[in-house]
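Residue numbers (the working numbering): 461 to 753.
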(Lines of atoms letter the chains of each structure in order from A and count residues from 1; the text may use other names and numbers.)
(Lines give C-alpha, C1' and ligand atoms only; values in the text may rest on other atoms or scores of the structure.)
Protein backbone atom coordinates (compact mmCIF):
# COMPACT_ATOMS: atom_id res chain seq x y z
CA UNK A 1 0.00 0.00 0.00
CA UNK A 2 1.09 3.54 -0.72
CA UNK A 3 1.56 6.49 1.60
CA UNK A 4 -0.37 9.66 0.85
CA UNK A 5 2.87 11.62 0.77
CA UNK A 6 3.97 9.51 -2.23
CA UNK A 7 0.87 10.43 -4.27
CA UNK A 8 0.15 14.09 -3.52
CA UNK A 9 0.12 16.06 -6.81
CA UNK A 10 1.91 19.07 -5.29
CA UNK A 11 4.21 19.90 -2.41
CA UNK A 12 2.63 21.10 0.86
CA UNK A 13 3.16 24.67 1.98
CA UNK A 14 3.67 23.37 5.52
CA UNK A 15 4.62 19.87 6.69
CA UNK A 16 5.19 18.78 10.28
CA UNK A 17 7.67 16.08 9.29
CA UNK A 18 9.97 18.75 7.84
CA UNK A 19 10.10 20.77 11.07
CA UNK A 20 12.93 19.45 13.24
CA UNK A 21 11.38 20.34 16.59
CA UNK A 22 8.27 18.21 16.01
CA UNK A 23 9.47 15.70 13.41
CA UNK A 24 9.73 12.87 15.97
CA UNK A 25 5.97 13.00 16.47
CA UNK A 26 5.41 12.54 12.73
CA UNK A 27 5.88 8.80 13.18
CA UNK A 28 2.33 8.78 14.60
CA UNK A 29 0.75 11.94 13.17
CA UNK A 30 1.70 14.14 10.24
CA UNK A 31 0.08 17.48 9.47
CA UNK A 32 0.37 19.09 6.06
CA UNK A 33 -1.25 22.19 4.61
CA UNK A 34 -1.96 22.48 0.88
CA UNK A 35 -3.12 25.19 -1.47
CA UNK A 36 -3.30 23.18 -4.68
CA UNK A 37 -4.67 24.17 -8.07
CA UNK A 38 -7.61 22.10 -9.43
CA UNK A 39 -6.43 18.54 -9.93
CA UNK A 40 -6.82 14.94 -8.87
CA UNK A 41 -5.33 12.05 -6.93
CA UNK A 42 -5.55 8.56 -8.46
CA UNK A 43 -7.60 5.85 -6.78
CA UNK A 44 -5.26 3.98 -4.44
CA UNK A 45 -5.27 1.94 -1.26
CA UNK A 46 -3.30 3.79 1.41
CA UNK A 47 -1.60 2.47 4.55
CA UNK A 48 -2.44 5.53 6.68
CA UNK A 49 -5.64 6.98 8.09
CA UNK A 50 -6.45 10.27 6.35
CA UNK A 51 -8.31 13.24 7.83
CA UNK A 52 -9.03 16.18 5.52
CA UNK A 53 -10.16 19.53 6.96
CA UNK A 54 -11.36 22.05 4.35
CA UNK A 55 -10.41 25.69 5.04
CA UNK A 56 -11.55 27.13 1.71
CA UNK A 57 -14.34 29.64 2.50
CA UNK A 58 -15.82 29.24 -0.99
CA UNK A 59 -18.06 26.19 -1.62
CA UNK A 60 -16.61 24.11 -4.44
CA UNK A 61 -17.21 20.87 -6.28
CA UNK A 62 -15.30 17.76 -5.24
CA UNK A 63 -15.45 14.15 -6.43
CA UNK A 64 -14.40 11.38 -4.06
CA UNK A 65 -14.16 7.66 -4.82
CA UNK A 66 -14.38 5.38 -1.75
CA UNK A 67 -14.22 1.67 -2.50
CA UNK A 68 -17.07 1.14 -5.02
CA UNK A 69 -18.87 4.41 -4.22
CA UNK A 70 -18.52 7.65 -6.17
CA UNK A 71 -19.46 10.85 -4.34
CA UNK A 72 -19.94 14.12 -6.22
CA UNK A 73 -20.67 16.95 -3.81
CA UNK A 74 -20.07 20.55 -2.81
CA UNK A 75 -17.43 20.85 -0.10
CA UNK A 76 -18.10 23.59 2.44
CA UNK A 77 -15.73 25.48 4.71
CA UNK A 78 -14.68 23.50 7.82
CA UNK A 79 -16.13 20.23 6.53
CA UNK A 80 -14.09 17.13 7.37
CA UNK A 81 -13.57 13.83 5.57
CA UNK A 82 -12.24 10.80 7.49
CA UNK A 83 -10.86 7.93 5.40
CA UNK A 84 -9.62 4.82 7.26
CA UNK A 85 -6.42 3.09 6.20
CA UNK A 86 -6.82 0.26 3.71
CA UNK A 87 -9.74 1.89 1.89
CA UNK A 88 -9.60 2.41 -1.87
CA UNK A 89 -9.75 6.18 -2.23
CA UNK A 90 -9.35 8.84 -4.92
CA UNK A 91 -10.06 12.55 -5.38
CA UNK A 92 -10.79 15.25 -7.95
CA UNK A 93 -11.32 18.90 -7.00
CA UNK A 94 -12.46 21.76 -9.24
CA UNK A 95 -11.22 24.82 -7.34
CA UNK A 96 -7.99 25.79 -5.64
CA UNK A 97 -7.81 23.78 -2.44
CA UNK A 98 -7.03 25.08 1.03
CA UNK A 99 -6.87 22.00 3.19
CA UNK A 100 -5.24 20.58 6.28
CA UNK A 101 -4.34 16.93 5.78
CA UNK A 102 -3.60 14.83 8.85
CA UNK A 103 -2.39 11.26 8.41
CA UNK A 104 -2.05 8.66 11.15
CA UNK A 105 0.10 5.53 11.35
CA UNK A 106 -2.43 2.78 12.32
CA UNK A 107 0.03 0.74 14.40
CA UNK A 108 1.19 3.73 16.44
CA UNK A 109 -2.37 5.06 16.64
CA UNK A 110 -3.45 1.76 18.20
CA UNK A 111 -0.57 1.94 20.69
CA UNK A 112 -1.51 5.52 21.60
CA UNK A 113 -5.11 4.52 22.29
CA UNK A 114 -4.05 1.52 24.40
CA UNK A 115 -1.32 3.32 26.36
CA UNK A 116 -3.03 6.65 26.91
CA UNK A 117 -6.74 5.78 27.05
CA UNK A 118 -6.71 2.12 28.07
CA UNK A 119 -9.08 0.92 25.33
CA UNK A 120 -8.72 -1.38 22.34
CA UNK A 121 -9.59 -0.39 18.79
CA UNK A 122 -11.22 -2.69 16.27
CA UNK A 123 -9.29 -3.74 13.16
CA UNK A 124 -10.83 -0.81 11.24
CA UNK A 125 -9.84 1.66 14.01
CA UNK A 126 -11.78 4.59 12.47
CA UNK A 127 -15.28 4.96 11.07
CA UNK A 128 -15.72 5.63 7.36
CA UNK A 129 -17.16 9.18 7.45
CA UNK A 130 -17.31 10.76 3.95
CA UNK A 131 -18.25 14.37 4.85
CA UNK A 132 -19.36 16.10 8.05
CA UNK A 133 -19.09 19.18 10.24
CA UNK A 134 -17.54 19.00 13.71
CA UNK A 135 -16.60 22.36 15.21
CA UNK A 136 -14.48 20.82 18.01
CA UNK A 137 -12.42 18.65 15.69
CA UNK A 138 -11.97 21.47 13.17
CA UNK A 139 -10.78 23.80 15.95
CA UNK A 140 -8.33 21.16 17.21
CA UNK A 141 -6.89 20.63 13.71
CA UNK A 142 -6.73 24.37 12.99
CA UNK A 143 -5.00 25.06 16.31
CA UNK A 144 -2.46 22.35 15.52
CA UNK A 145 -1.83 23.94 12.13
CA UNK A 146 -1.51 27.46 13.59
CA UNK A 147 1.05 26.30 16.16
CA UNK A 148 3.29 25.19 13.26
CA UNK A 149 2.52 28.21 11.13
CA UNK A 150 3.38 30.75 13.85
CA UNK A 151 6.18 28.82 15.61
CA UNK A 152 6.18 31.16 18.57
CA UNK A 153 8.18 30.49 21.74
CA UNK A 154 7.43 26.98 23.00
CA UNK A 155 5.49 25.99 19.88
CA UNK A 156 6.89 22.46 19.98
CA UNK A 157 5.44 21.93 23.46
CA UNK A 158 2.11 23.38 22.33
CA UNK A 159 2.13 21.21 19.19
CA UNK A 160 2.59 18.03 21.22
CA UNK A 161 -0.27 18.97 23.55
CA UNK A 162 -2.58 20.00 20.71
CA UNK A 163 -1.81 16.78 18.82
CA UNK A 164 -3.00 14.80 21.82
CA UNK A 165 -6.15 16.93 22.03
CA UNK A 166 -6.87 16.31 18.35
CA UNK A 167 -6.33 12.56 18.71
CA UNK A 168 -8.58 12.28 21.76
CA UNK A 169 -11.39 14.27 20.10
CA UNK A 170 -11.07 12.08 17.00
CA UNK A 171 -11.17 8.90 19.08
CA UNK A 172 -14.13 10.01 21.19
CA UNK A 173 -16.47 10.33 18.20
CA UNK A 174 -15.00 8.47 15.25
CA UNK A 175 -13.05 5.46 16.55
CA UNK A 176 -14.24 1.86 16.20
CA UNK A 177 -13.67 -0.21 19.33
CA UNK A 178 -13.14 -3.93 19.86
CA UNK A 179 -16.50 -5.62 20.50
CA UNK A 180 -15.71 -9.37 20.41
CA UNK A 181 -15.28 -10.62 23.97
CA UNK A 182 -15.19 -14.40 23.41
CA UNK A 183 -11.83 -15.50 22.07
CA UNK A 184 -10.12 -12.20 22.72
CA UNK A 185 -9.36 -9.97 25.65
CA UNK A 186 -12.48 -7.96 26.49
CA UNK A 187 -12.28 -4.19 26.79
CA UNK A 188 -13.15 -4.48 30.49
CA UNK A 189 -10.31 -6.92 31.14
CA UNK A 190 -7.86 -4.86 29.12
CA UNK A 191 -8.83 -1.77 31.14
CA UNK A 192 -7.96 -3.66 34.32
CA UNK A 193 -4.58 -4.72 32.95
CA UNK A 194 -3.89 -1.22 31.64
CA UNK A 195 -4.73 0.34 35.01
CA UNK A 196 -2.49 -2.18 36.78
CA UNK A 197 0.43 -1.53 34.41
CA UNK A 198 -0.03 2.23 34.78
CA UNK A 199 0.09 1.96 38.58
CA UNK A 200 2.85 -0.66 38.89
CA UNK A 201 5.10 -0.39 35.79
CA UNK A 202 7.96 0.82 38.03
CA UNK A 203 7.89 -2.50 39.91
CA UNK A 204 9.31 -5.87 38.93
CA UNK A 205 6.41 -7.49 37.06
CA UNK A 206 6.06 -10.86 35.38
CA UNK A 207 3.46 -12.54 33.20
CA UNK A 208 1.87 -14.14 36.26
CA UNK A 209 1.32 -10.72 37.84
CA UNK A 210 -0.52 -9.40 34.81
CA UNK A 211 -2.59 -12.56 34.34
CA UNK A 212 -3.67 -12.53 37.97
CA UNK A 213 -5.26 -9.11 37.51
CA UNK A 214 -7.97 -10.68 35.34
CA UNK A 215 -7.88 -14.14 36.97
CA UNK A 216 -6.74 -16.00 33.84
CA UNK A 217 -4.00 -18.60 33.56
CA UNK A 218 -0.74 -17.08 32.30
CA UNK A 219 -0.76 -19.24 29.15
CA UNK A 220 -4.32 -18.36 28.16
CA UNK A 221 -3.84 -14.71 29.10
CA UNK A 222 -0.71 -14.45 26.97
CA UNK A 223 -2.49 -16.01 23.98
CA UNK A 224 -5.62 -13.83 24.03
CA UNK A 225 -3.68 -10.67 24.92
CA UNK A 226 -1.44 -11.07 21.89
CA UNK A 227 -4.40 -11.89 19.67
CA UNK A 228 -6.26 -8.77 20.77
CA UNK A 229 -3.49 -6.21 21.28
CA UNK A 230 -1.02 -7.46 18.67
CA UNK A 231 1.91 -7.99 21.04
CA UNK A 232 2.70 -10.16 24.02
CA UNK A 233 1.88 -8.89 27.53
CA UNK A 234 5.56 -8.47 28.40
CA UNK A 235 6.25 -6.70 25.11
CA UNK A 236 3.36 -4.36 25.90
CA UNK A 237 4.74 -3.73 29.41
CA UNK A 238 8.22 -2.94 28.13
CA UNK A 239 6.83 -0.64 25.42
CA UNK A 240 4.82 1.20 28.07
CA UNK A 241 7.95 1.61 30.20
CA UNK A 242 9.84 3.00 27.22
CA UNK A 243 7.07 5.55 26.57
CA UNK A 244 7.23 6.71 30.19
CA UNK A 245 11.02 6.91 29.95
CA UNK A 246 10.70 9.16 26.88
CA UNK A 247 8.67 11.62 28.92
CA UNK A 248 11.25 11.64 31.71
CA UNK A 249 14.13 12.11 29.27
CA UNK A 250 12.74 15.55 28.40
CA UNK A 251 13.78 16.72 31.86
CA UNK A 252 17.57 16.89 32.13
CA UNK A 253 17.35 16.77 35.91
CA UNK A 254 16.56 13.04 35.71
CA UNK A 255 19.67 10.89 35.39
CA UNK A 256 19.54 7.73 33.29
CA UNK A 257 19.81 5.68 36.45
CA UNK A 258 16.86 7.57 37.98
CA UNK A 259 14.78 6.90 34.88
CA UNK A 260 15.77 3.23 34.77
CA UNK A 261 14.75 2.77 38.39
CA UNK A 262 11.50 4.73 38.21
CA UNK A 263 10.38 3.02 35.00
CA UNK A 264 10.90 -0.55 36.19
CA UNK A 265 14.09 -1.52 34.37
CA UNK A 266 16.44 -3.75 36.31
CA UNK A 267 19.43 -1.41 35.84
CA UNK A 268 20.73 1.34 33.57
CA UNK A 269 22.26 -1.10 31.08
CA UNK A 270 18.94 -2.97 30.79
CA UNK A 271 17.16 0.36 30.25
CA UNK A 272 19.60 1.49 27.56
CA UNK A 273 19.46 -1.84 25.73
CA UNK A 274 15.65 -2.03 25.65
CA UNK A 275 15.24 1.65 24.84
CA UNK A 276 17.41 1.29 21.76
CA UNK A 277 15.62 -1.93 20.82
CA UNK A 278 12.28 -0.10 20.80
CA UNK A 279 13.34 3.28 19.41
CA UNK A 280 16.55 2.59 17.39
CA UNK A 281 18.40 5.26 19.39
CA UNK A 282 20.05 5.28 22.81
CA UNK A 283 18.50 7.26 25.69
CA UNK A 284 21.30 9.84 25.39
CA UNK A 285 20.70 10.25 21.65
CA UNK A 286 16.96 10.63 22.23
CA UNK A 287 17.45 13.14 25.03
CA UNK A 288 19.78 15.51 23.17
CA UNK A 289 17.15 17.22 20.93
CA UNK A 290 14.46 16.90 23.62
CA UNK A 291 16.10 18.79 26.48
CA UNK A 292 14.71 22.28 27.05
CA UNK A 293 11.81 21.75 24.68
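The C-beta atom is built at its ideal place from N, Cα and C for all residues, glycine as well.
- For the 7 Å CB-CB criterion, residue 593 and residue 626 do not form a contact.
- Judged by pairs of C-beta atoms under 8 Å, the stretch 649 to 657 does not touch the stretch 503 to 516, as fewer than three such pairs exist.
- Excluding five sequence positions before and after residue 709, the CB atoms of its chain that fall closer than 7 Å to its own CB belong to 719, 743, 746, 747, 750, given in chain order.
- 7 Å or more divides the Cβ of residue 553 from the Cβ of residue 524.
- If you draw a straight line from the Cα of residue 517 to the Cα of residue 483, it is about 30 Å long.
- Cα atoms of residue 546 and residue 526: separation of roughly 11 Å, rounded to the nearest angstrom.
- Comparing C-alpha distances from residue 556 to each of 499, 465, 705, 715 shows the shortest one belongs to 499.
- Unbroken beta strand (DSSP E) stretches of 3 residues or longer found wholly inside the stretch 505 to 531: 509 to 514, 520 to 526, given in chain order.
- Residue ranges of uninterrupted alpha helix (DSSP H) with 4 or more members, entirely inside the stretch 565 to 632 and ordered along the chain, are 566 to 572, 595 to 610.
- In this model, residue 692 and residue 680 are separated by some 12 Å (Cα to Cα).
- Nearest to residue 630 by C-alpha distance, out of 586, 713, 741, 672, is 586.
- Within the stretch 661 to 695, complete alpha helix (DSSP H) segments of at least 4 residues are found at 667 to 673, 678 to 689, given in chain order.
- Nearest to residue 481 by alpha-carbon distance, out of 737, 607, 715, is 607.
- About 6 Å separates the Cβ atoms of residue 591 and residue 533, confirming a contact at the 8 Å cut-off.
- With respect to the 7 Å criterion, residue 636 and residue 570 are not classified as neighbours on the basis of their beta carbons.
- Taking every protein chain shown into account, the CB of residue 659 has fewer than 16 other CB atoms within 10 angstroms, so this residue is exposed.
- Around residue 622, the same chain offers 600, 603, 604, 607 as residues with beta carbons nearer than 8 Å, after the five sequence neighbours per side are excluded.
- For residue 552, the enclosing beta strand (DSSP E) has its first and last residue at 548 to 553.
- Shown here, residue 470 sits in coil according to DSSP, grouped into three states, outside any helix or strand.
- Look at residue 498 here: in three-state DSSP terms it is coil, with no helix or strand label.
- Spatial neighbours of residue 492 in its own chain (CB-CB distance under 6 Å, excluding positions within 5 residues in sequence) are listed in chain order as 472, 475, 561.
- In the three-state reduction of the DSSP assignment, residue 741 falls in the coil class.
- Ranked by Cα distance from residue 494, the first of 504, 469, 505, 574 is 469.
- Membership of residue 715 in any beta strand (DSSP E) is not indicated, and neither H nor E is assigned to it by DSSP.
- DSSP, reduced to helix, strand and coil, places residue 659 within a helical segment of the structure shown.
- Taken through DSSP and simplified to helix, strand or coil, residue 545 comes out as coil.
- CA-to-CA, the gap between residue 669 and residue 501 works out to about 51 Å.
- Taking residue 714 as the centre and dropping the five residues before and after it, the same chain places the C-beta of 708 closer than 6 Å to its C-beta, in chain order.
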